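Protein chains in written order, with the numbering used here: chain A, 7 to 338; chain B, 7 to 338. For each residue, glycine too, the CB sits at the ideal point set by N, CA and C. Quick caveat: nothing in here was measured; it's all calculated off a predicted structure. Worksheet: one structure, shown below.
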DNA sequence: CTCAGGACTTACAGCGCTGTAATGCAGCGC
DNA sequence: GCGCTGCATTACAGCGCTGTAAGTCCTGAG
């Protein structure tokens, strides 16, 4: 049988509660007592029973992490880091896949969960600002990512997309490219990443040509491949660089370019965004904006832990970096 | 306050235990009583408290899923399906990343977990057969994947790698290729996937040339790129097809080929293995063996649930299919 | 030397649920 | 009409922990 608190208490010659205090790092335990208790814990191999602790505390020790799809590399790598960090917060992470559908996201916020959750970290796609506003305020919520509007009504962790878009575009300009296309899912072309792109052009004294800010109409590589392909096929001159709002779009763009005989990066340099892990196995490997996922995870969990019902939403920013690879500087 | 079992009992005019029986679908409850209880549950919006149930039952409702890295697309997509299936089994899935390190994998099996686990599903890399054999038999364990040896001492779910390797190679042979190279992490060249490759060659009346069964020495794309690159650079004639034991190796191989002016698939057709999700954004998209991940997840969880200490290890096989894409049949 | 007050420790109830044993109550055979 | 059987239901202890209130012991000021 697994040792319990009482067993340790008996072995150490103290009360159950004192052992509990030691385990939970409470103050007001004499050093000598603590040592005796720790020795007993060690000797018996005691580990606390989480179910009992949660029952007594009225919490579950479980938080939910909701992403559109776990098998999308961006979310997988984010989830991986979230997992690492949650461990040090003492949380078990329950994963959910929403498919980006509003009803699935909403269900998580409103539904009574079989296991009461201590909080939710969600990367929303379908959720509206009202949905977030009308949620149960007793269930801590932290939002990730870039779904405009929602972030005003709950704690939010992200990176400075505008600045990142600017840095990515500046990299292209520094390589001497002057005819830089932007590719985003759109049609909402007010995306912050694209605004950063505009900032960079403006700062370089160039005028933004809104005709080469293309909306792909979707997030998949194929969407970018089709959009850019049609654009090229209709006789437009090829750009000498492409800034894509996500890595998938960048990869799709590279397909469209290469299939038409253009060389990347010699003819067209391409920058992506997200740094999804593909193990440097694509050709060419992708220059991209890499969000600091460890920081995102840590900030999100801290915010979740420290959230109090009724307090004002916090907006937190994690750092990012530009990772330069073959798609802008070439091979070798 | 959240309604409890007693609240429902009071509302329905029965005992707490009867409500419990209804909730848990027990027999011996009169239909009329059941209806009354269900109405009360519905009216109060009752949901069971998992922490309390687990405490009373001595289980935790949590299983662990351990994979080397969650941000590797293969494991991410497997984890995604595992999550879907676990829901219908009433399990919360606790994810773990082992990095493929034996000590991390072993720790999961031997360590006392803060939350007692109801079972572990693990994709082992470092674990030895002895480690598996000497584990705590009271903790149900199901192994996934292809770490030879371990599967004899615990329930195991996989696909028929040999048959799959054969099917993949046959596809290359059917395209008229005759000089088919095999690429595997090695140096253990008894890999079942490669044996399937040998089977296919033998069935076609071709002799296996063990000189073109190359060991990459690692799982990453770079490993395959370097291995194949060096082989080509040292003057060997290029094969007209490559069967790679994983998609990453296939992608690395494609890099090595294309960077040397060979066209895929015109000069060299390439088949991978695993069907990791890259959204059809690579160029060319990869022909590959796609394991049925839903089946794998379901079989694994069923096995976990039905496992009894001391019973003989079961070996379960999930189906697979060959997905034909550009890397063998070309573009368009 | 006394006593207030802080440091440390303990006893005990109770978190919400389930398992077990016990009880109630028909219907049945004799 | 009695005991028996088996279904339906109940009472209650207890899962292992933590919060609270109530101690006990010691120190230093008066």
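Put simply, the CB of residue 82 (chain B) is near chain A, with a gap under 9 Å to one of its CB atoms.
In this structure, DSSP gives residue 297 (chain A) an extended state, which the three-state scheme calls strand. Ranked by Cα distance from residue 222 (chain B), the options B:192, B:300, B:238 and B:147 are led by B:192. For the options B:107, B:324 and B:163, the alpha carbon positioned closest to that of residue 137 (chain B) is the one of B:107. Residue-level contact check: residue 227 (chain B) touches chain A, since one or more beta carbons of chain A fall below 9 Å from its beta carbon.
For the options B:278, B:236, B:286 and B:250, the alpha carbon positioned closest to that of residue 265 (chain B) is the one of B:236.
Counting only Cβ-Cβ distances below 8 Å, residue 11 (chain B) has no contacts in chain A at all, with the closest Cβ about 13 Å away.
Here the C-alpha atom of residue 187 (chain B) lies approximately 10 Å from the C-alpha atom of residue 200 (chain B). In the DSSP assignment, residue 59 (chain B) falls within the unbroken alpha helix (DSSP H) covering 56-63.
Within the region 270-291 of chain B, the residues whose Cβ lies closer than 8 Å to some Cβ of chain A are 283, 284, 285, 286, 287, 288 and 289, listed in chain order. Under the Cβ criterion of 9 Å, residue 237 (chain A) is not counted among the residues facing chain B. By the Cβ-count criterion, residue 31 (chain A) is exposed, with fewer than 16 other Cβ atoms from all chains shown falling within 10 Å of its own Cβ. Cβ neighbours of residue 13 (chain A) within its own chain (closer than 8 Å, five residues either side excluded): 50 and 52. For a Cβ distance threshold of 8 Å, residue set 100 and 101 of chain A lies close to residue 99 (chain B), ordered along the chain. Here DSSP, grouped into helix, strand and coil, assigns residue 171 (chain B) to helix.
Contacts with chain A at 9 Å (Cβ-Cβ) do not include residue 306 (chain B). Annotation for residue 7 (chain A): no alpha helix (DSSP H) segment contains it, and DSSP assigns it neither H nor E. The shortest C-alpha to C-alpha distance from residue 178 (chain B) to any of B:144, B:162, B:247 and B:215 is the one to B:247. Annotated three-state conformation of residue 327 (chain B) is strand, per DSSP. Against residue 76 (chain B), the close residues of chain A are 82, 85, 86 and 89, in the order they occur along the chain (beta-carbon pairs closer than 7 Å). Contact between residue 334 (chain A) and residue 271 (chain A) holds: CB atoms are separated by about 5 Å, below the 8 Å threshold. Taking 9 Å as the cut-off, the Cβ atoms of residue 294 (chain A) and residue 174 (chain A) count as close. Here residue 309 (chain B) has 148, 161, 163, 320 and 322 as same chain residues with Cβ atoms under 7 Å from its own Cβ, once five neighbours each way along the sequence are excluded. Judged by pairs of C-beta atoms under 8 Å, the region 120-133 of chain A does not touch the region 272-286 of chain A, as fewer than three such pairs exist. A Cβ of chain B is located within less than 9 Å of the beta carbon of residue 66 (chain A).
Under the 9 Å criterion on CB atoms, residue 201 (chain A) is classed as non-interfacial with respect to chain B. When secondary structure is reduced to three states using DSSP, residue 278 (chain A) falls in the strand class.
Shown here for residue 256 (chain B): same chain residues with a beta carbon closer than 8 Å to its own, the five before and five after excluded, namely 189, 230, 248, 250, 276, 277, 278, 279, 292, 294 and 333 in chain order. Counted as a single uninterrupted DSSP element, the beta strand (DSSP E) harbouring residue 189 (chain A) occupies residues 186-190. In the three-state reduction of the DSSP assignment, residue 161 (chain B) falls in the strand class, which pools E and B. At least 9 Å separates the CB of residue 336 (chain B) from every CB of chain A. As a beta-bridge residue in DSSP terms, residue 249 (chain B) pairs with B:188 and B:277. The contact set of residue 264 (chain A) on chain B, defined by CB atoms closer than 7 Å, consists of 289 in chain order. The DSSP-derived three-state label of residue 50 (chain A) is helix. DSSP places residue 227 (chain B) in the uninterrupted alpha helix (DSSP H) bounded by 227-239.
If you compare the alpha carbons of B:97, B:135 and B:208 with that of residue 115 (chain B), the shortest gap goes to B:135.
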